[in-house]
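Below is one structure, written out as structure tokens, with a few remarks after it.
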Amino acid sequence: MYNYYSKEEIEILKEGGKVLAQIFEELEDFVEVGVAVKDIDIFVNKKIKEKGAVAATVGYTPQGAPYPFPSAVCVSINDQIAHGISTDNPYVLKSGDVVSCDIVIQYKGFFVDACRTYGVGKLSRQDMELIAVARITTDEAIKQAVVGNTTDDIGAVAEKTAKEYGFQTVKELGGHGVGRKIHDRPFVPSFKNSGFDDQIKEGMVLAIEPIINVGSWKMQEGGDGYLYKTVDGKKSAQFEETVLITKNGPEILTKL
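Residue numbers for the sequence shown, in my numbering: 7 to 262.
Written out as structure tokens, the structure is:
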């Protein structure tokens with residue numbers, strides 16, 4: 007069974023999406039040279055509480071995880087693909103870093119999920135292109151989230167878009183339903199012929215989040231039970247939005 011939402015519940019999700027978008031807008035000015043990753047976690051936690059929401063990932067234990075996740079924000083830097091623990095992380099950002107920040111909040115009982123990638127200081131041309139293509143890939147994937155398509159259609163366009171610019175989409179991780187749960191059905195792949203071909207229906211709420219790598223799409227574990235890294239040490243970037251499926255097309259909830 008998939009989760010669908012009443013008009014009242016959709017309004018709450020929209021409110022929550024705006025709250026999360028505001029947090030990212032403020033975070034963009036905070037992520038800069040000289041900032042420690044642990045301070046990003048403190049900053050995000052504070053902003054979430056100020057806005058009357060809950061940091062949904064703190065204490066959350068995904069299926070198969072060895073212990074509860076400790077952080078309010080996943081901070082993944084350079085060759086780190088996803089799920090970087092930010093709590094007590096002493097790493098200090100330097101010029102040239104590519105920093106992905108993934109946040110899930112619970113607002114009035116419902117979850118919204120988004121990710122942004124920020125460039126720190128002076129970036130190489132390739133790093134600037136990586137971030138730009140990550141944004142484009144997510145936007146193009148979202149356009150496929152229409153009634154009558156399947157989740158595989160989303161993945162096919164994500165992979166095609168990234169490859170057109172010479173990049174790869176990560177295959178082992180993908181998007182998901184979101185709203186009543188942090189992770190819900192269906193799984194949303196980021197590549198073609200994935201075997202995940204759930205019908206997209208009006209009223210669904212999806213987190214669409216292709217991850218883009220400079221080199222190989224393959225990943226390896228980072229050693230702490232959560233972190234994933236590229237296998238070749240090359241950089242990675244990601245943008246994610248929570249999207250409502252309407253009869254008129256996809257509506258991004260996590261933007262201002």
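Note that CB positions come from ideal geometry on N, CA and C, so glycine has one too.
Query raised in the report: Among T123, T236, R131 and Y113, which residue has its Cα nearest to the Cα of Q174?
Result: T236
Query raised in the report: Should K234 go down as buried or exposed, given a rule of 16 or more other Cβ atoms within 10 Å for buried?
Result: One detail in the question is off: residue 234 reads as Tyr in this sequence, not Lys. Buried is the call here.
Query - Closer than 8 Å to chain C by CB, A88 - result: Given the protein chain composition of this structure (a single chain), no chain C is represented.
Query raised in the report: Between G185 and the rest of its own chain, which residues show a CB-CB distance below 7 Å, the 5 nearest in sequence each way excluded?
Result: N9, Y11, L19, F116, F117 and V211
Query raised in the report: Can we say the region 60 to 78 touches the region 190 to 198, given the rule of at least three CB pairs closer than 8 Å?
Result: no
**Report entry** DSSP-derived helix/strand/coil call for Q150
**Finding:** The answer is coil: DSSP assigns Q150 none of H, G, I, E or B.
Report task. Please classify E208: is it buried, with 16 or more other beta-carbons within 10 angstroms of its beta-carbon, or exposed? Result -> exposed
**Report entry** Cα-Cα separation between I160 and P96, rounded to whole angstroms
**Finding:** Each residue's Cα considered, the two are about 37 Å apart.
Query raised in the report: Can you check whether the CB of V153 is closer than 8 Å to the CB of I206?
Result: yes
Query raised in the report: If you draw a straight line from the alpha carbon of T157 to that of A59, how long is it in whole angstroms?
Result: Using only the alpha carbons, I get a separation of about 30 Å.
Query raised in the report: What beta strand (DSSP E) runs, 3 residues minimum, are completely inside the region 224 to 257?
Result: Fully enclosed beta strand (DSSP E) runs of 3 or longer: 225 to 227, 234 to 236, 242 to 244 and 247 to 252.
Query raised in the report: Where does Q263 fall in DSSP's three states?
Result: There is simply no residue 263 to check, as the chain begins at 7 and stops at 262 in what is shown.
Query raised in the report: Are the region 216 to 230 and the region 238 to 249 in contact at 8 Å, needing three or more beta carbon pairs?
Result: yes
Report task. Please report how far the alpha carbon of I109 lies from the alpha carbon of A213, in whole angstroms. Result -> 12 Å
Query raised in the report: Distance, Cα to Cα, G231 vs M225?
Result: 14 Å
Query raised in the report: In terms of alpha-carbon separation, which member of H189, H182 and E215 lies closest to D204?
Result: Ranking the options by Cα distance to D204, first place goes to H182.
Query - Reference D45; option with closest CA among T167, K128, H189 and L99 - result: L99
Query raised in the report: What are the residues that DSSP puts in a beta bridge with F30?
Result: In DSSP, F30 forms no bridge with anything.
Query raised in the report: Which residues mark the beginning and the end of the alpha helix (DSSP H) in which I217 is found?
Result: Element bounds for I217: not the alpha helix (DSSP H) but the beta strand (DSSP E), I217 to N219.
Report task. Find out if the Cβ-Cβ distance for the pair I148, E247 is shorter than 8 Å. Result -> yes
Query raised in the report: Should G127 and G102 be called a contact, given that it needs their Cβ atoms to be closer than 8 Å?
Result: yes
Report task. List the residues that DSSP assigns as beta-bridge partners of D190. Result -> G183
**Report entry** Residue environment, L262, which counts as buried when at least 16 other CB atoms sit within 10 Å
**Finding:** exposed
Query - The alpha helix (DSSP H) enclosing V43, as first and last residue numbers - result: V43 to E56
Query raised in the report: What is the C-beta distance between E135 and Y171, in whole angstroms, given that I count them as a contact (C-beta under 8 Å)?
Result: 7 Å
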